[in-house]
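Please read the structure below before turning to the comments.
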Amino acid sequence: MKKSFAIIIFFIATIILTGCKKDLLNKVPLDTYSNSTLWTSANDALTALNGCYSGWENGDHVIYYDCFTDNAYDQFPWEGYEPVAQGNATPTNLGAANRWSYITIQRCNWFLANVDKTPMADDLKSRMKGEARFLRAYQYFIMSQLYSDVPLIINNISIEHANLVTVTPRAEVTLFVLNELNTISGMLPVNYPAADAGRITRGAALALAARVELFNQKYTDCIATCQQLMNSPFSYSLYPDYTNLFRPGFADNQEEILDIQYLKTYNSFADLGVLVPNSKGGYSSVAVTQSLVDAYEMNTGKTIDDPSSKYNPVQPFINRDPRLDATILRPGASWEGMYFDPLGANSADYYLNNNCSPTGYISKKFISNLTTDFSNIWDCGLDFMVIRYAEVLLTYAEAKIEAGQIDQSVYDAINKVRNRVNMPPVNQALYNNQTSLRKLVRRERRVEFGMEGLRWYDIQRWRIGDQVMPGKVYGTLKGSVDEYTGNLTLDPSTRIQVGSPRAFNVNKNYLWPIPQKEIDLNKNLKQNADY
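Every letter in the sequence shown is one number past the one before it in my numbering, and letter 263, counting from 1, is 270.
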């Protein structure tokens with residue numbers, strides 16, 4: 008949402024939801040206040056719609072969700088990410104794995120049930136309905152992806168009815184989401200005036216549709232949707248500087264399709280300090296794993312396990328894909344006027360100390376210019392992209408590969424993403440069939456979107472959990488960092504290991520457990536298998 012109306016959203020959400028009671032759907036907006044006073048003008052309807060935007064997505068889901076995966080490790084048990092990563096989350100011990108929420112859905116249902124009574128221009132009313140329907144569809148996509156079958160509720164219902172609803176098969180929920188997104192794309196503008204920038208656009212609806220289509224193996228549809236986004240009337244392109252793409256001063260650039268916007272002080276995202284290392288006053292909550300570090304190619308385009316790559320395990324960061332240093336703060340890196348040192352016992356960032364990364368790696372993507380960008384890491388107003396154009400390009404390439412439609416456009420799409428960081432184009436002699444290209448595009452997604460919260464969904468839909476999740480979690484090699492030069496001296500025989508070994512049950516862990524409290528409220532809900 009646009010910062011200019013974020014203050015309105017922050018306050019109106021409280022007003023709109025006053026008087027709600029708890030039930031299966033968390034909070035169902037009652038219409039005592041709203042229907043008597045709210046629907047008298049377009050301004051009132053806009054205020055109600057802004058309430059639907061409030062809380063539709065959260066920056067935590069961007070910066071923390073890779074901790075559910077082989078990309079990252081969260082050292083603090085109370086933050087709740089390791090239960091899922093270790094495969095032992097339960098209906099009563101969900102940790103952070105709780106996205107079962109109908110708050111936004113019911114706000115949108117309430118808005119859609121009442122907005123027609125507002126005297127306003129038809130085109131404006133249609134656009135507002137499109138925005139609300141998008142926000143509702145987004146929630147259903149997330150819940151069906153994480154839990155599979157969920158109750159599909161598209162009308163206001165009573166509290167009594169809410170506790171009696173039955174689940175809808177995931178395939179039907181997915182069909183509903185895609186039908187909604189395709190319908191509303193024509194109701195939404197390609198762009199907004201500056202005063203309304205940040206609202207849901209036609210491109211956001213289509214980009215989410217492409218993601219849903221890819222995640223549900225609807226490859227032909229996905230290709231067509233991506234092609235729409237890659238052509239007129241859209242003008243998306245890759246922002247030329249990968250590092251600056253994630254800084255607060257570079258929001259609303261040509262790569263951004265859908266984002267979560269925050270306004271400093273009023274609705275600030277206040278958790279950025281969890282990424283910051285101890286030496287700069289942060290908690291180092293999100294520790295990157297060696298597994299992610301190893302996924303980055305050499306700057307020649309060769310993987311580190313290629314015998315001809317010239318990869319040196321005791322100088323592992325030399326000549327690597329530039330996205331590694333843009334995404335990960337690693338031993339010996341120059342940052343904030345110092346060389347990051349998680350290896351020295353006298354360092355403020357020593358990996359065994361409190362509030363220091365236990366793997367020796369920090370998630371850096373959103374804090375690459377800490378002093379320049381943030382006067383207060385706990386009140387920063389940073390925006391987070393949910394979908395960006397690079398995803399459209401790689402989604403297109405993956406859909407084409409999976410559909411067996413391998414042509415030059417596949418290489419072109421991947422190369423655009425690689426060229427942005429000066430990585431060499433794909434070696435077409437090496438990557439020349441579905442199997443090899445599938446491996447390439449999956450690696451490309453992992454490094455391009457590293458620490459942006461997408462890895463869990465990729466593991467789930469590729470069904471690779473049993474390959475990448477089980478076992479010990481490793482960090483950097485032990486050794487030392489020269490405080491004056493950043494030069495590394497690493498011991499190849501000693502590697503940091505953190506936490507308990509993780510496990511993954513293919514019959515269980517691709518879905519999250521439905522919160523037990525929801526099943527207690529509604530006996531029609533059935534727990535996911537083996538929970």
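Virtual Cβ for every residue (Gly too), placed ideally from N, Cα, C.
What number of angstroms, rounded off, separates the C-alpha of residue i from the C-alpha of residue j?
i	j	result
Y60	G472	33 Å
Q224	Y464	13 Å
R206	S315	49 Å
R134	T208	9 Å
D266	I70	13 Å
R450	N260	25 Å
E502	E187	The amino acid occupying residue 502 in the given sequence is Arg; Glu does not appear at that position. The alpha-carbon atoms of R502 and E187 are separated by roughly 50 Å.
Y199	L245	20 Å
S242	T125	34 Å
W342	A406	38 Å
P84	A340	28 Å
N251	F257	7 Å
N422	N429	10 Å
K372	V295	11 Å
Q235	N360	51 Å
N189	E64	21 Å
D489	Y358	16 Å
R327	Q297	14 Å
G344	R218	40 Å
A13	P196	Note that A13 scores 33 on pLDDT, short of 50, meaning its location in the model is unreliable; the coordinates nonetheless yield the value given after this. Using only the alpha carbons, I get a separation of about 20 Å.
L401	R425	11 Å
R452	G210	21 Å
Y226	V184	16 Å
V475	D313	20 Å
N78	D123	46 Å
Is the beta carbon of residue i sitting closer than 9 Å to the one on residue j?
i	j	result
G58	F118	yes
Y491	Y346	yes
V448	A404	yes
Y539	R330	Outside the shown range of the chain, which is 8 to 538, sits residue 539, and nothing can be said about it.
E89	G506	yes
A3	S192	Because the chain is modelled from 8 through 538, residue 3 falls outside the range shown and cannot be assessed.
N529	A169	yes
V283	L377	yes
P499	L484	yes
N121	N162	no
V300	S370	no
F253	S382	no
G457	D67	no
P365	Y80	yes
L350	S487	yes
N285	C363	yes
V480	A214	no
K515	G62	no
Y303	R427	no
R395	I264	yes
Could you work out which residue in the options is closest to residue i when comparing CA atoms only?
i	options	result
L518	D81, L444 and A92	A92
T496	F324, V174, L236 and K309	F324
T76	P477, K287, E138 and E64	P477
G493	V219, D348, N198 and I230	D348
L461	V393, A144, A169 and S382	V393
P431	I526, M305, T47 and E459	M305
I149	N163, A216, G94 and D123	A216
L131	Y357, N65 and M194	M194
V174	D278, W107 and G344	W107
P255	I164, D129 and Q268	Q268
W469	I526, V513, D527 and T366	V513
D203	A178, T232 and T54	T54
Q415	R427, N439 and R395	N439
For residue i, I'd like the list of residues in its chain whose CB is within less than 8 Å of its CB, leaving aside the five on either flank, ordered along the chain.
i	result
P520	A96, T97, P98, L101, A104, Q534, N535 and Y538
W408	First, the residue type needs correcting, since residue 408 is Ile and not Trp in the sequence shown. Contacts found: V417, Q441, L444, R445 and V448.
G280	G288, G289, Y290, I384 and W385
N434	G308
Q412	I230
Once the 5 residues before and after residue i are set aside, which same chain residues still bring their CB inside 7 Å of it?
i	result
V180	Y147, S151, V157 and L159
L7	Not covered by the structure: residue 7. The range shown for the chain is 8 to 538.
D51	L45 and T125
T21	Any reading at T21 is ruled out, since the residue's pLDDT is 40, under 50, leaving its predicted position unreliable.
A397	L245, E262, V424 and E455
Q467	Y517
So, is the C-beta of residue i closer than 9 Å to a C-beta in chain D?
i	result
T366	Structure shown: chain D not included; a single protein chain is present.
Any chance the CB of residue i is under 8 Å from a heavy atom of the ligand GTP?
i	result
G351	As presented, the structure is devoid of all ligands, the ligand GTP included, so that no description of it is given.
Output needed for residue i: all residues of its chain with C-beta closer than 6 Å, excluding positions within five of it in sequence on either side, in chain order.
i	result
D228	E220
Exercise. What residue ranges within the region 449–520 form continuous alpha helix (DSSP H) runs of no fewer than 4 residues, ordered along the chain?
Worked result: 462–469 and 472–475
Problem set entry | Runs of beta strand (DSSP E) wholly within the region 34–114 (minimum 3 residues, chain order) | 79–81
Exercise. Which ranges does the beta strand (DSSP E) cover as unbroken runs of at least 3 residues, wholly within the region 187–219, from first to last along the chain?
Worked result: none
Exercise. What alpha helix (DSSP H) runs, 4 residues minimum, are completely inside the region 268–349?
Worked result: 297–302 and 329–334
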